[in-house]
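A short worksheet on the structure shown next.
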Amino acid sequence: MERLYIRQFLCLCIFKFCVPLPPKNNQMKPLIAPSLLSADFGHLEKDVQMLNRSQADWIHLDIMDGVFVPNISFGMPVIKAVRQLSEKPLDTHLMIVQPERYIHTFKELGCDLLTVHWEACTHLHRTITQIKEEDMLAGVALNPHTPISGLEDIINEVNLVLIMSVNPGFGGQKFIERSLHRISELREMIERNHSEALIEVDGGVNPDNIAAIVKAGADAVVAGNAVFKSDDPELTIQNLKKLS
Ligand code: DX5
Ligand code: ZN
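At position 125 of the sequence shown the residue is numbered 214 (the working numbering), and the sequence of numbers has no breaks.
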C-alpha cells in the first residue's frame with residue numbers, strides 16, 4: 090500500500106507539472122472524476138457549480154458519436170459552456186471514430202486530458218503524440234474485451250489508461266467484475282515498464298466497489314450515476330474519496 094502511495098504521489102507531481110491541475114489528492118485518495126453524462130442537462134450550470142464546490146478532481150466528459158458507440162451524447166457547444174463554468178480540469182473521453190480529426194478542436198475548447206479508444210485508432214502512437222503536442226495529457230481507453238497486453242508498446246507514451254468497466258455508451262450500467270483483474274494486470278505492466286501512466290476506471294463505480302477498485306490499482310475513478318442520482322451528490326463525492 091505504501092508503494093501505491095509513493096507511485097501516486099510521483100504521478101501527480103508529473104501531472105501538476107504538465108497542466109494546471111489543482112493541488113488535490115493530499116491524502117493519496119483516488120482522483121474522483123464525476124461524469125457529466127448523468128447530470129441534469131436542464132440545470133447544467135447548477136451541477137457544474139456543485140462540482141466546483143465539491144472534492145471532485147476532474148470533470149469527466151463523455152463524447153459519443155452514435156457510430157463507435159450506440160449512443161450520441163453532447164458536443165462542442167456544451168463543452169464550451171462547461172469550460173466557462175468549470176474550475177476543474179476537463180477529463181474528456183472520446184467514444185468516437187477517427188478521434189484524430191478533432192484533437193486541435195478539443196484543445197481549443199479547453200480540454201486538459203484527452204482520451205481516445207484503442208479500438209478506434211488505427212495509428213494510436215501517432216494520435217497520442219498529436220495530443221501531447223497540443224499540450225494536453227493523453228489517455229487511451231480499453232473496452233472490456235480488449236487485451237491489456239495490447240498496451241505494452243504504448244504504455245510509456247501515455248499519461249493515462251482508462252479501463253472501461255462497462256461497455257461504453259451508457260451511464261448506469263453494472264460494473265463488470267472481471268475489470269478488477271484487468272486493473273491489476275495493467276498495474277503490473279506499468280510498474281514493470283516504469284511507466285508514469287495513471288489508471289482511471291470508468292463504469293459502474295459506486296461506494297460499494299470503490300475500495301476494491303483502488304486496491305486493484307486504480308488512481309482515478311469516474312462516477313456518473315453514483316454521484317448524480319444520489320440524494321446529496323457533493324456528499325457522495327466526499328464519501329467516494331473516504332471509502333477507498
Ligand atoms: C460510459 C461512460 C461513462 C459513464 C459512467 O460509456 O464512459 O463515463 O458516464 O457512468 P456510471 O458511473 O453511471 O456507470
Ligand atoms: Zn467515460
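Cβ atoms here follow ideal geometry from the backbone N, Cα and C, with glycine treated the same way.
Nearest to A309 by alpha carbon, out of V294, V158 and P322? V294
Please report the residue range of the alpha helix (DSSP H) in which K213 lies. The amino acid occupying residue 213 in the given sequence is Leu; Lys does not appear at that position. Residues L213 to E222.
Proximity below 9 Å, CB of L226 to CB of L249: yes
For a test of your reading of the model: does the CB of V311 fall under 8 Å from any non-hydrogen atom of the ligand DX5? Yes or no. yes
Is S238 helix, strand or coil by DSSP? helix
Using DSSP with H/G/I as helix, E/B as strand and the rest coil, what is A307? coil
Using a Cβ-Cβ cutoff of less than 8 Å, which residues in the same chain neighbour Q138 once the five nearest sequence positions on both sides are dropped? L174
Taking 8 Å as the cut-off, is the beta-carbon of P233 closer than that to any non-hydrogen atom of the ligand ZN? no
Whole-angstrom distance between D154 and T194, CA atom to CA atom: 15 Å
Can you give me the Cβ contacts of S333 inside the same chain, cut-off strictly under 7 Å, excluding the 5 residues immediately before and after it? K118, P119, I299, A300 and V303
Is any non-hydrogen atom of the ligand DX5 found closer than 8 Å to the C-beta of L133, if you look at the structure I gave you? no
Span of the beta strand (DSSP E), counted from its first residue to its last, around P87: This structure gives no information on residue 87, because the portion of the chain shown stretches from 90 to 333.
Tell me the rounded alpha-carbon separation between G239 and W207. 9 Å
Between the Cα of G196 and the Cα atoms of A312, L125, P178 and K318, which residue gives the shortest distance? A small fix is needed here, since residue 196 is Lys in this sequence, not Gly. The residue with the shortest Cα to Cα distance from K196 is P178.
Start and end residues, beta strand (DSSP E) containing I185: That residue, I185, is in no beta strand (DSSP E); it is neither H nor E in DSSP.
Under DSSP, the beta strand (DSSP E) around A128 begins and ends at which residues? Taken as a continuous stretch (DSSP letters only), A128 belongs to no beta strand (DSSP E), as it is neither H nor E.
Within the present structure, is the beta-carbon of D201 separated from the nearest heavy atom of the ligand ZN by less than 8 Å? no
Name the DSSP bridge partner or partners of I244? Per DSSP, none; premise fails for I244.
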